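Participant: Everything in the sequence shown is counted per the UniProt record's numbering, starting at 1 for the first residue and increasing by one.
I'd like to ask some things about the structure below.
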Amino acid sequence: MPEPPSIPQFAKTQISLLAAELQAEIAESAALVSLHSPSALQRAGVALTNLTVSSQRTGLGGKTVLELCPDPATASAPSKEGRDWSDLPEHGIRAGDIVLVGEQPSGKEKKKEVKEMERRGVKGVVSRVRRGDLSVMLEEKDEDKGGADGDVGGLGDKRVWVVKVADEVTWRRMNGTMEKMVKMETEEGYSYFMRVLFGMVGPTPLNMEKVGDIEWVDPTLNESQKDAIKFALASEEIALIHGPPGTGKTHTLIELILQMLKRGLRILVCGPSNISVDNIVERLAPHKIPLIRLGHPARLLPSVLNHSLDVLTRTSEAGAIVKDVRAEMDAKQASIRKTRNGKERRAIYADLKELRKEYRQREKKCVSDLVRESKVVLATLHGAGGFQLRDEQFDVVVIDEASQALEAQCWVPLLSAKKAICAGDHLQLPPTIKSLNIKADKKASKKKGGEDDQGTIKGATLETTLFDRLLKLHGPSIKKMLTTQYRMHEKIMRFPSDELYEAKLIAAEAVKARLLKDLPYEVKDTDDTREPLIFIDTQGGDFPEKNEEDDNGESSAGSKKLTKSSLFGDSKSNEMEAALVREHVKALVDAGVKPEDIAVVTPYNAQLAILAPLKEAFPGIELGSVDGFQGREKEAVIVSLVRSNSDGEVGFLGEKRRLNVAMTRPKRSLTVIGDSETVKKGSKFLKRWMDFLEDNADLRYPDLASLTAAEA
């Protein structure tokens, strides 16, 4: 076994991989904008067109907020779904997304390059999305970007569009952290904690007596949860809490945080996404502990805003000092819309610039006071790299969803800690990596040391998380697994438990036998509502897959091919399988199951596009990719596997972690639709899954003739 890499070697490798990943993300974003018209991007869910700036105001943190709504000049008659001209079209832009707001190209203009849009437009974060409008909170450097008429970016009186773009701030913070670690050239500069995390020394042996008797805040915790908490408290440097689906990982972390507070520890709680952090804030808040949530207010759940830095700087005593400045800024914002004189507008913007400067100076002192007094600070992993925590130290860093985070992200908070507790499930999907470096020469990594001429580690990939690496480095002695799951019917749980979780999962009494017919509202007792596990097997070749490029022709349709391939990737679809999905959804809804309790998931975006009409037919139903549905749950889940071909090719369906996500989302009902003949050939794991479904599920063979008649 090769020696673990040195810290500078590890950091140099991460810098190289991160640079490639950022370039891949920027290139993807730029290609979308430059290769596709605004209307094509809107159809793909990454843009909104035909908008106007209805108002602008001062938002949280003194930032400018643009309110955008559909342009009445592009009004259309109400649709059959009840949408009228004042509603935004269907789209995939969500609160927290980074977007560019720019003047919309006219129909005659060529598609604009992203750089041109960045030059003339403004960048911001989507702070709110409603049926009829969305709000964008501008980045500071863009707030004062006045156009010729003095309005923000010159967009005030023009038709505009919004498009999602890559977020470079995250990458800059990860890169800065890795550069710090490159400079740690001598081992004398490493803490014992860092030496453990890089395998220079082993973890300090556990002393469970040191934990003592625990008075549980929540006495209903199960034994595996209590064991994990005791283990984490006793660990000196590192503890991994392995939480399979539905095992109450977040619930366990809340108790752990409360127990550490009783011991007088100062804690930094992080996660890779805002939602993962906000879930913890929501559950900690009722315990009335001094906590503070760092982060852009546009990205936080409304329920946690009262604990956010931006709100606390206004509501605390120190915040009263900045209130007057904010009121003056609001007045200035309002006056912009009232004057048409360019000179007057520019003068107002100059005043606003000075006011923001004063606001930020007063706010900064207020922020440092609030952070210093807080015993629990919560932030995203890269958010922990903001100026607010620059000189702060913590006894413990808790990282939730650590198996979904890039390791470089984790090191942003870890450099200010003495101990880490990482919670996650390394048997579900790792972070999504877009760059091609994951195809690096794996043979080279087997060479002793695995180092190349640049001092980086050959064969390294960003898919290897901190959770993975520590488990490989120190083995299961640093890990505790939660074993009672509170989500799935026992029959749904059985295969993932036996195959992936050493057959250790136990279904809690309250969930082990619950079915759709037992929902707390009226549902008929039918073949579809009394069965927890259904397999609709399309074997026989009557339900073939289709490559998205198949119907685009050859070179004569090159531009169309480019559009499809870059928006959907080399994706697959299966129209007849989609028809089976529609038939099954209709049967569930006809039996009384509410559409909002049903989800349809599939590994392929092209299949999602075919299934999109379900949202109109059954308002409230959720459609999603398997990757995007990680961490979610529904009463009934239908999984469309798509692949059906004579060669037995399954593509990335063969990734067992992806299938683990798919099969562990439902509570009461899992329906799998796919071709067992094709899927069985993909891997031994897939063959065992197909065999399990044939032996344990309610097995059904669809009738193509009746399905075709029903679809006609």
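Glycine included, C-beta positions come from ideal geometry on N, C-alpha and C.
This structure is a prediction, so every number in the text was calculated from the model and none was measured.
(1) Evaluate residue 538 with the Cβ neighbour count: other Cβ atoms within 10 Å of its Cβ, from every protein chain shown; 16 or more gives buried, anything less gives exposed.
(2) Within the same chain, show all residues whose beta-carbon is closer than 7 Å to that of residue 351, passing over the 5 residues directly before and after it, in chain order.
(3) How big is the Cα-Cα spacing for residue 578 and residue 621?
(4) Between the C-alpha atoms of residue 698 and residue 517, what's the straight-line distance to the nearest angstrom?
(5) Considering only residues of the region 357-420, which uninterrupted alpha helix (DSSP H) runs meet the minimum length of 4 residues and lie entirely inside it, listed in chain order?
(6) How is the beta strand (DSSP E) around residue 612 delimited, first residue to last?
(7) When we look at the beta-carbon of residue 372 and count the other beta-carbons within 10 Å, is it buried (16 or more) or exposed?
(8) Considering only heavy atoms of the ligand SAM, does any lie closer than 7 Å to the CB of residue 397?
(9) Just mark residue 181 as buried or exposed, buried being the case when its beta carbon has 16 or more other beta carbons within 10 Å.
(10) Could you check the C-alpha separation between residue 671 and residue 490 for me, to the nearest Å?
(11) Three-state secondary structure (DSSP) at residue 423?
(12) For residue 248, which residues from the same chain have a beta carbon less than 7 Å from its beta carbon, with the 5 sequence-adjacent residues on both sides left out?
(13) Could you tell me which of 253, 279, 275 and 276 sits nearest to residue 267, measuring between CA atoms?
(14) Tell me which residues share the same chain as residue 624 and place their Cβ nearer than 6 Å to its Cβ, disregarding the 5 neighbours each side in the sequence.
(15) Output the distance between the C-alpha atoms of residue 232 and residue 387, rounded to the nearest integer angstrom.
(16) According to DSSP, is residue 70 helix, strand or coil?
(17) Quick check: the Cα distance between residue 476 and residue 124, rounded to an integer number of angstroms?
(18) Please state whether the Cβ-Cβ distance between residue 572 and residue 606 is less than 8 Å.
(19) Once DSSP output is grouped into helix, strand and coil, what is the label at residue 514?
(20) Looking only at its own chain, which residues have a Cβ that is under 6 Å from the Cβ of residue 456, when we skip the five neighbours before and after it?
(21) According to the neighbour-count rule (16 or more other Cβ atoms, all chains shown, within 10 Å of its Cβ), is residue 216 buried or exposed?
(22) Express the C-alpha separation of residue 53 and residue 104 in angstroms, rounding to a whole number.
(23) Roughly how many whole angstroms lie between the Cα atoms of residue 686 and residue 287?
(24) Would you decide whether residue 146 is buried or exposed? Buried here means 16 or more other CB atoms lie within 10 Å of its CB.
(25) Got a sec? Which residues, its chain only, sit under 7 Å from residue 705 by beta carbon, not counting five neighbours each side?
(26) Among the candidates 618, 284, 137 and 270, whose CA atom is the shortest distance from the CA of residue 590?
(27) Taking just the CA atoms, how far does residue 415 sit from residue 276?
(28) Please work out which residues of its chain come closer than 7 Å, Cβ to Cβ, to residue 325, disregarding the five sequence neighbours upstream and downstream, and give them in chain order.
(29) Mind checking residue 676: buried by the 16 CB within 10 Å criterion, or exposed?
(30) Measure the Cβ-Cβ separation of residue 18 and residue 68 and say whether it is below 8 Å.
(31) Once the 5 residues before and after residue 228 are set aside, which same chain residues still bring their CB inside 7 Å of it?
(32) Out of 341, 639 and 392, which has the shortest C-alpha to C-alpha gap to residue 418?
(33) So, at 6 Å on beta carbons, what are the nonlocal neighbours of residue 178 in its own chain, with the 5 sequence-adjacent residues on each side left out?
(34) How many Å lie between residue 50 and residue 423 at the Cα?
(35) My parser needs the alpha helix (DSSP H) runs of 4 or more residues fully inside the region 630-678; what are they?
(36) Take the Cβ of residue 501 as the centre, count every other Cβ of all protein chains shown within 10 Å, and call the residue buried at 16 or more, exposed below.
Facilitator: Let me spell this out:
(1) For the purposes of this step, residue 538 is taken as residue 538 along the sequence shown, with counting starting at 1. Buried, by the Cβ-count rule.
(2) The residue given as residue 351 occupies position 351 in the sequence shown. Excluding residues within five positions, the ones whose Cβ falls inside 7 Å are 332.
(3) Here residue 578 refers to the residue found at position 578 when the sequence shown is read from its first residue. Here residue 621 refers to the residue found at position 621 when the sequence shown is read from its first residue. If you take the alpha carbons of residue 578 and residue 621, they lie about 15 Å apart.
(4) Here residue 698 refers to the residue found at position 698 of the sequence shown. Here residue 517 refers to the residue found at position 517 of the sequence shown. Using only the alpha carbons, I get a separation of about 16 Å.
(5) 407-414
(6) Residue numbering aside, residue 612 sits at position 612 when the sequence shown is read from its first letter. Premise fails: residue 612 is in no beta strand (DSSP E) and is neither H nor E.
(7) Here residue 372 is taken as the residue at index 372 of the sequence shown, counted from 1. Residue 372 is exposed by the Cβ-count criterion.
(8) For the structure depicted, the ligand SAM is absent and the ligand set is empty, with no information on it obtainable.
(9) In the sequence shown, the residue the question calls residue 181 occupies position 181. Classification for residue 181: buried.
(10) Residue 671 sits at position 671 when you count from the first residue of the sequence shown. Residue 490 sits at position 490 when you count from the first residue of the sequence shown. Cα-Cα distance, rounded: 15 Å.
(11) For the purposes of this step, residue 423 is taken as the residue at position 423 of the sequence shown. Correct three-state label for residue 423: strand.
(12) Here residue 248 refers to the residue found at position 248 when the sequence shown is read from its first residue. Excluding sequence neighbours, residue 248 sits near 225, 482 and 486.
(13) Against the sequence shown, residue 267 aligns to sequence position 267. Residue 267 has its Cα closest to that of 253, out of 253, 279, 275 and 276.
(14) Translated into the one-based positions of the sequence shown, residue 624 becomes position 624. These residues qualify, in order along the chain: 601.
(15) The residue labelled residue 232 in the question sits at position 232 within the sequence shown. The residue labelled residue 387 in the question sits at position 387 within the sequence shown. So the alpha carbons of these two residues sit roughly 29 Å apart.
(16) Along the sequence shown, read from residue 1 onward, the residue named residue 70 stands at position 70. It is a strand residue.
(17) Here residue 476 refers to the residue found at position 476 when the sequence shown is read from its first residue. Here residue 124 refers to the residue found at position 124 when the sequence shown is read from its first residue. So the two alpha carbons sit approximately 44 Å from each other.
(18) For this step, residue 572 is matched to residue 572 along the sequence shown. For this step, residue 606 is matched to residue 606 along the sequence shown. Yes; because the gap between Cβ atoms is below 8 Å, this pair is in contact.
(19) Here residue 514 corresponds to residue number 514 of the sequence shown, with the count starting at 1. Note: residue 514 maps to coil in three-state DSSP.
(20) As a position in the sequence shown, residue 456 is number 456, starting the count at 1. Hits under 6 Å: 12, 13 and 16.
(21) The residue given as residue 216 occupies position 216 in the sequence shown. Flag for residue 216 reads exposed.
(22) By one-based count along the sequence shown, residue 104 stands at place 104. By one-based count along the sequence shown, residue 53 stands at place 53. CA-CA distance, residue 104 to residue 53, rounds to 12 Å.
(23) As a position in the sequence shown, residue 686 is number 686, starting the count at 1. As a position in the sequence shown, residue 287 is number 287, starting the count at 1. Between residue 686 and residue 287, the C-alpha separation is close to 45 Å.
(24) Stepping through the sequence shown from its first residue, residue 146 is reached at position 146. Here residue 146 scores only 46 on pLDDT, less than 50, and its place in the model is too uncertain to base an answer on.
(25) Residue 705 sits at position 705 when you count from the first residue of the sequence shown. Within the same chain, residue 705 has no close Cβ partners at all.
(26) In the sequence shown, counting from the first residue as 1, residue 590 sits at position 590. Looking at the Cα atoms, 618 is the closest of the given residues.
(27) On the sequence shown, position 276 is the one that residue 276 refers to. On the sequence shown, position 415 is the one that residue 415 refers to. Using only the alpha carbons, I get a separation of about 21 Å.
(28) By one-based count along the sequence shown, residue 325 stands at place 325. A distance below 7 Å between beta-carbons, with the five flanking residues on each side excluded, links residue 325 to the following residues of its chain, in chain order: 355, 358, 359 and 362.
(29) The residue you call residue 676 lines up with position 676 of the sequence shown. Under this definition residue 676 is a buried residue.
(30) What you label residue 18 is simply residue 18 of the sequence shown in a count that begins at 1. What you label residue 68 is simply residue 68 of the sequence shown in a count that begins at 1. Not closer than 8 Å, so no.
(31) In the sequence shown, counting from the first residue as 1, residue 228 sits at position 228. Cβ neighbours of residue 228 beyond the five flanking positions: 241, 252, 480 and 482.
(32) Here residue 418 refers to the residue found at position 418 when the sequence shown is read from its first residue. Residue 392 is the option with its Cα nearest to residue 418.
(33) Counting from one through the sequence shown, the residue named residue 178 turns up at place 178. The answer, listed in chain order, is 11, 14, 15 and 408.
(34) Translated into positions along the sequence shown, residue 50 becomes position 50. Translated into positions along the sequence shown, residue 423 becomes position 423. Residue 50 and residue 423: Cα-Cα distance of roughly 44 Å.
(35) Counting only runs of 4 or more, we get 656-663.
(36) Translated into positions along the sequence shown, residue 501 becomes position 501. Buried: at least 16 other Cβ atoms inside 10 Å.
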